[in-house]
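Structure first, commentary second.
Number of protein chains: 2
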Amino acid sequence: MNNLTKSEEDYLKALFQLLIEDQASKVGNNQLAEYLTVSPASANNMIKKLKAKEYVISEKYGKLDLTDEGKSIAVRLIRKHRLWETFLCNYLNFTWDEVHEVAEQLEHIKSSKLINELDRFMDYPERDPHGEVIPNAKGEYSIQPKITLSSLPEKSVCQLVSVNDGSVTFLKYVSEIGLALSSEIEILEVREFDKSIRIQFNEKIETVSKKFADNVFVKLIN
Amino acid sequence: MNNLTKSEEDYLKALFQLLIEDQASKVGNNQLAEYLTVSPASANNMIKKLKAKEYVISEKYGKLDLTDEGKSIAVRLIRKHRLWETFLCNYLNFTWDEVHEVAEQLEHIKSSKLINELDRFMDYPERDPHGEVIPNAKGEYSIQPKITLSSLPEKSVCQLVSVNDGSVTFLKYVSEIGLALSSEIEILEVREFDKSIRIQFNEKIETVSKKFADNVFVKLIN
DNA sequence: ATCATTTGTTAGACATAGCTAACTTTTTTA
DNA sequence: TAAAAAAGTTAGCTATGTCTAACAAATGAT
């Protein structure tokens, strides 16, 4: 009934992340293709398949959406991904930047007992090492609207909630400059020219690019 | 350099288990195909590929053998399989008969850090839940010649060392009658007609078929 | 030694999932 | 609003790994 290929799973998860987690109002074929680094033709081909299986809805030349069943599959994948990341970091000495690639493989392992036991073994963690909320066994979880560091005005004071886990070099960079989950960050200055920002945290001052700040998610303090 | 598909890995591991662990003097294409439940044509096709990659050697219409590199890959897979089985049983409440299927998936995860850290996390276990020796990180392990329960004469007294982990129904049967690793078994009688045997263990007497006894590996006591 | 059976091989088909190149539709913008 | 750009689609190719059917070689039995 529910036997998807690795590729089908990848597409559903990607679509969910664009549509729901990033709260994009509209996601199109080519955007999805770019996100997955495949050609538009490949994405189009797969979307056809997923529409036939009723995980995806869209009209010809129209935008993409997920059915409830499609969302449910995606959430289960996200749950698996984040639980594995947590396991790798907390029990197997993996660092922030090492977990993603391996979790991408592990999330496709098919065994609900495995993932629920892993959850129990770790005593039902609520967030993964990057600060993201882990959906529970019923697929419930709160999607916090994401505030990027780059979206805040000068003088804001905020706390690091989570980081985008997609890029190894980005994550290495984050740890190298000394930022970590819950770090308190003050925005000293936003430079008009390139939107780079000067930030202060742990008594340190650093300048980071807009691209960097786009991948850092925060909550305001006070 | 060393990037094999899941299928290629399955074939190499299967060939190793037939050739080395089962110590079959000769393994042919069709035997391998049957072991993997694929058609002879499929096996032949894959063997061609593995010969081109120099993991397998054989002459046309001749028997199959593994190169050192082929063996080394197979041992790494067996290591991964057995470490995962151990983890599932010892930490995630899996039973004997539940681990194999999931471990078959997990053994294909590509990350040497993952498996070496898992090994460390469990404090370098020497045997998996079925009693099989786990190869170490260097790929070294002792292959014990397997003595099947079915090969022993009447009146033998032996100890259960390991069981074949390939069949769920078999493993359930083993636990249901109360046999476990290290159980002491006495062979009371071997029935000529169908080679079924009456055995005694833990004050219990059971009759088991030859097929059952073929999958139970033991060592003699005194 | 020959014939039958078993074993191994080849050819050709199918499904998945990727690609490029060409084309169509929609959207943007001048 | 018409032309240009962007987005989406289709056709046709590739590679992996499966299959069946037909054929060839090796083995075993009489």
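As given, the protein sequences belong to chains A and B, one line each in that order. Counting with my numbering, you get residues 79 to 300 for the letters of the first sequence. Counting with my numbering, you get residues 79 to 300 for the letters of the second sequence. For each residue, glycine too, the CB sits at the ideal point set by N, CA and C.
query, result
"Near-chain A residues of the segment 160-184 of chain B - C-beta to any C-beta below 9 Å", "LEU166, TYR169, LEU170, ASN171, PHE172, GLU176, GLU179, VAL180, GLN183, LEU184"
"For SER240(B), the residue or residues it bridges with in DSSP", "PHE295(B)"
"Cα-Cα separation, LYS141(A) to LYS131(A)", "17 Å"
"Interface flag, GLU195(B) vs chain A, CB-CB below 8 Å", "yes"
"Interface positions of the segment 203-223 of chain B facing chain A (Cβ-Cβ less than 7 Å), listed along the chain", "none"
"Beta-carbon neighbours of LEU249(A), restricted to chain B and to distances below 7 Å", "Neighbours of LEU249(A) on chain B: none; closest Cβ ~16 Å, over 7 Å."
"Residue-chain proximity (ILE187(A), chain B), Cβ-Cβ < 8 Å", "yes"
"Within-8 Å CB hit, PHE199(A) to chain B", "yes"
"Euclidean distance between Cα positions of GLU232(B) and ILE255(B)", "20 Å"
"Listed by chain order, chain A residues near LEU96(B) by CB distance under 9 Å", "The contacting residues do not exist; LEU96(B) stays about 26 Å from chain A at best."
"Rounded separation between ASN194(B) and LEU97(B) - CA only", "26 Å"
"Coarse secondary structure for ARG153(A), derived from DSSP in three states", "What sits at residue 153(A) in the sequence shown is Val, not Arg. Correct three-state label for VAL153(A): helix."
"Given 8 Å, three or more beta-carbon pairs between the segment 166-185 of chain B and the segment 106-119 of chain B", "no"
"Endpoints, the alpha helix (DSSP H) within which PHE248(A) is located", "246-255"
"Every unbroken alpha helix (DSSP H) within the segment 193-230 of chain A, with a cutoff of 4 residues, ordered by chain", "none"
"Cutoff 7 Å; reference ASN293(A); Cβ partners in own chain excluding five residues on either side", "VAL241, ASN242, PHE248"
"Under the three-state DSSP convention, the category LYS282(A) falls into", "strand"
"Test: LEU192(B) CB closer than 8 Å to a CB of chain A", "yes"
"Coil, strand or helix - VAL116(A) by DSSP", "coil"
"Per-residue DSSP class, three states only, for ASP143(A)", "strand"
"Sheet register partners of GLU267(B) (DSSP bridge)", "ARG276(B)"
"Cβ-Cβ separation, CYS236(B) to ILE283(B) (assumed contact under 8 Å), whole Å", "At roughly 16 Å, the Cβ-Cβ gap does not stay under 8 Å, so ILE283(B) and CYS236(B) are not in contact."
"Residue nearest to PRO203(A) in terms of C-alpha spacing, selected from VAL246(A), LEU184(A), HIS159(A)", "HIS159(A)"
"Run of the alpha helix (DSSP H) containing VAL180(B), from where it starts to where it stops", "177-184"
"Whole-number beta carbon distance between VAL296(A) and ILE212(A), since they are thought to touch under 8 Å", "About 20 Å; that fails the 8 Å criterion."
"Beta-carbon proximity of LEU90(B) to ILE187(B), cut-off 8 Å", "no"
"ILE125(A) classed as buried or exposed, judged by whether at least 16 other C-beta atoms fall within 10 angstroms", "buried"
"Chain-order list of residues whose beta-carbon lies under 7 Å from that of SER260(B) (same chain, five-residue window excluded)", "GLN237, LEU238"
"Spatially closest choice to ASN171(B) from HIS208(A), ALA102(A), PHE199(A), ASN280(A), by CA coordinates", "PHE199(A)"
"Separation of ASP88(B) from ASP100(A), as counted between CA atoms", "39 Å"
"Assigned secondary structure, GLU262(A) (DSSP; H/G/I helix, E/B strand, else coil)", "strand"
"Reference THR173(A); option with closest CA among CYS167(B), ALA181(B), LYS191(B), LEU230(B)", "LYS191(B)"
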